[in-house]
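Reading through the C-alpha cells given below for one structure.
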Amino acid sequence: MSKARKVHVKSFGCQMNVYDSHRMADTLAPAGFTETARPEDADLVILNTCHIREKAADKVYSEIGRIRVMKEEAAAQGRRVLIAVAGCVAQAEGQEIMRRAGAVDLVVGSQNYHRLPDMIARADGGEKIVDTEFPVEDKFDALAAPARETIRQRGVAAFVTVQEGCDKFCTFCVVPYTRGAEISRPVDKIVAEVERLAAAGVREVTLIGQNVNAYHGLDTGGAPASLGKLLRRLSDVRGIARLRYTTSHPNDMDDELIAAHAGLPALMPYVHLPVQSGSDRILAAMNRKHSRAQYLAAIARLRAARGDIAFTSDFIVGFPGETEEDFRDTLTLVEEVGFAGAYTFAYSPRPGTPAAELDDQVPDSEKSERLQRLQALITRHWHGFNASFAGKTLDVLLEKPGKLPGQLVGKSPYLQAVQVMAPRSLIGTVVPVTITDIGTNTLFGALVQPDKASALVAAGAET
Ligand code: SAM
Ligand code: SF4
C-alpha cells in the first residue's frame, strides 16, 4: 500500500485540459494520491497549462512563482512538495521551463501524463524529469478509470475526450504542434467510458476534441465511424439523457452529424462552430480552408435539420493584414448568423506558427478597439437570445446546489445556466422550468408542476 499523499491539479485553458486534469488525478489514485482543492495542503501540485495565447502561457510562470513560495514554506517545516508542469506549455517549452523555474520538479507533455506515477517515483528520488516526446503507446489505454465515488463528486455532467490533435494547421494556431496529429479513440472504448459514467449517475456527456467533428474512430468491426455514428451509439446508453460535442470545424460538418441533429432527441440543439473571421481574404491567410459562404452554408444545413439550434463561435481580431473593411465583414457575419454567444480574442503571435512571421502585424491599440466593438455586438446578440426565453418553458438538467438555500443550478438545452428553487433530490433529473427572469449570465425560473417532478424522482422514473 502506497503512502497517502495529496495532489492539487490546477487547470488552465480549454475543456480538454479539465478532462486531462481529472484523468491525471485518476491515474495517481492507485499510487496513493487523493485530490485536494487547497494547493497549500498538497504534496504534489500539477499545473495543467495552456499555450494558445501569450497571456495564457505567461499566467503559468506567475503561478509557478506562487507555488514556489508554498514549496519553500513547506520545506521549512520539513515537508517536501513536488511541482509538475503538464499540458501544452510543458509540451511546447519542455526544458526551457526547468531553466526559467528551478522550483519545478517535472515537466510532462500533453500525451505523456499516463506515465506520471513512474515520473513521481523518480522525482521523489531527487531526479528532475522532462518527458515531452510523443509516445508510441496510447495514453488512454494506460490511464486508470475513476472510482465510482470520484465520478459522483464531479457531478452529473461530464466531458469525455474522443479525439485529440489537429492536422489543419491554421496559420495562427499552436495546437498541431502542442497536441500533435489527429487521433480518434475507438468507439467501444468511448462507449465503455460513457457506460461507466452513466452507471455512477452522469446524465449529460460532452464529447470533446480539438476537432471533434473530424472524429473517425474504429467501430467494433474495424471500420471508421463518424461523430454522427458515435453519437447515435451513445444515445442508446441507459441513463444518458443529453449529449453534446465541442469544438467543431466547419469543413467537418458532414451529413451524418447533421442527420444526428435532426434525429437524436438526446443531442442538444447547441453547436459551437468557430469561424475566426468574416473576411474571405483573412480566412485564406489563416489557412482555414473555408470561405464565409461555406461557413454560412454549414449553418444553414444545420438549421434546416433542426431549426432551434443555438450557435456560438470563436473570433480572432487583428490577424496580420486585417483591414477595417475585413473587420466589418466579421461584424456583418455576426449580424447574419445571430450567434447566441462567442469567444473573442485579439490575435496573439505564437512562436513557431506561420502568422507570427508576417510583416503586417496590426497594432495592439487597433486590436483592442476592434475587440471592444465586436464584443459589444456579440453581447447584444447574446442578451437578445437569452431575453427571447422570458415566459417560455425549457427542459433543464439540474446539476448542483446554487448559492441561495433551496436553489439548484442547471443547464438549458442551449447551454444557458438556469437557477431555480427546487429540492436537492432533483439533482440529475431533467425538469420543465418556466423562465421568469433574465439575468446577465443566467436565467431564473420556476419548476413547472413541482409536486409532479418530486413524485417522478421518488418513483425512480427516468426523466
Ligand atoms: N479547433 C478549434 C477551431 O477549429 O477553431 C479551436 C481551437 S483553439 C484551442 C480555441 C480558439 O483559440 C480558436 O478558435 C481561436 O479563436 C483562438 N486562438 C487560437 N490561436 C490564437 C492566437 N494565436 N491568437 C488569438 N486567438 C487564438
Ligand atoms: Fe487550431 Fe482549430 Fe485550426 Fe486546428 S482547426 S489549427 S485546433 S484553430
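Numbering of the sequence shown is given in our numbering, commencing with residue 619 and proceeding in unit increments. Where a beta carbon is used, it is the ideal one built from N, C-alpha and C, also for glycine.
Taking just the CA atoms, how far does P842 sit from G835? 5 Å
Does the distance between the C-beta of H867 and the nearest non-hydrogen atom of ligand 1 fall short of 7 Å? Yes, the Cβ of H867 comes within 7 Å of a heavy atom of ligand 1.
Determine whether the Cβ of A1040 lies closer than 8 Å to any Cβ atom of chain D. This model lacks chain D altogether, as it is built from one protein chain only.
Are three or more beta carbon pairs between the stretch 954-971 and the stretch 921-932 nearer than 8 Å? yes
For the beta strand (DSSP E) that contains T750, what are its first and last residues? It is not in any beta strand (DSSP E) - T750 carries neither H nor E in the DSSP assignment.
One or two residues paired with S802 in a DSSP bridge: According to DSSP, S802 bridges with Q781.
For the alpha helix (DSSP H) containing G846, list its first residue and its last residue. 845-852
Using DSSP with H/G/I as helix, E/B as strand and the rest coil, what is I738? In the three-state reduction of the DSSP assignment, I738 falls in the helix class.
Length of the line joining the Cα atoms of P1050 and A884: 15 Å
Alpha-carbon spacing of D982 relative to V678, whole angstroms: 22 Å
Could you tell me if the beta carbon of Q828 falls within a distance shorter than 7 Å of some heavy atom in ligand 2? Shortest gap from the CB of Q828 to any heavy atom of ligand 2: under 7 Å.
Quick one: measure Cβ to Cβ for L724 and A741, integer angstroms, because I've assumed they're closer than 8 Å. L724 to A741, Cβ: 5 Å. Contact.
For the beta strand (DSSP E) containing H890, name the first residue and the last one. 888-890
Once DSSP output is grouped into helix, strand and coil, what is the label at N831? helix
With distance defined between alpha-carbon atoms, name the residue in D977, R946, K673 nearest to G939. D977
Start-to-end residues for the alpha helix (DSSP H) that takes in T768: 766-772
Do C706 and ligand 1 come close, with the Cβ less than 7 Å from some heavy atom? No - ligand 1 has no heavy atom lying nearer than 7 Å to the Cβ of C706.
Residue nearest to P868 in terms of C-alpha spacing, selected from V889, A880, E690: V889
Assigned exposure category for S1030 - 16 Cβ within 10 Å defines buried: buried
If contacts are defined as beta-carbon pairs under 8 Å, then H669 and T796 qualify, I think. What distance do you get, rounded to the angstrom? 5 Å
Mind checking which residues open and close the beta strand (DSSP E) that includes Y863? 860-864
Exposed or buried, what is D1055 when buried is set at 16 or more other beta-carbons lying within 10 Å of its beta-carbon? exposed
Under the three-state DSSP convention, the category G1024 falls into: Correct three-state label for G1024: coil.
Would you report the Cα separation of E714 and L914, rounded to the nearest angstrom? Spanning the two alpha carbons is a distance of roughly 43 Å.
Cutoff 6 Å; reference L700; Cβ partners in own chain excluding five residues on either side: L662, D723, A741
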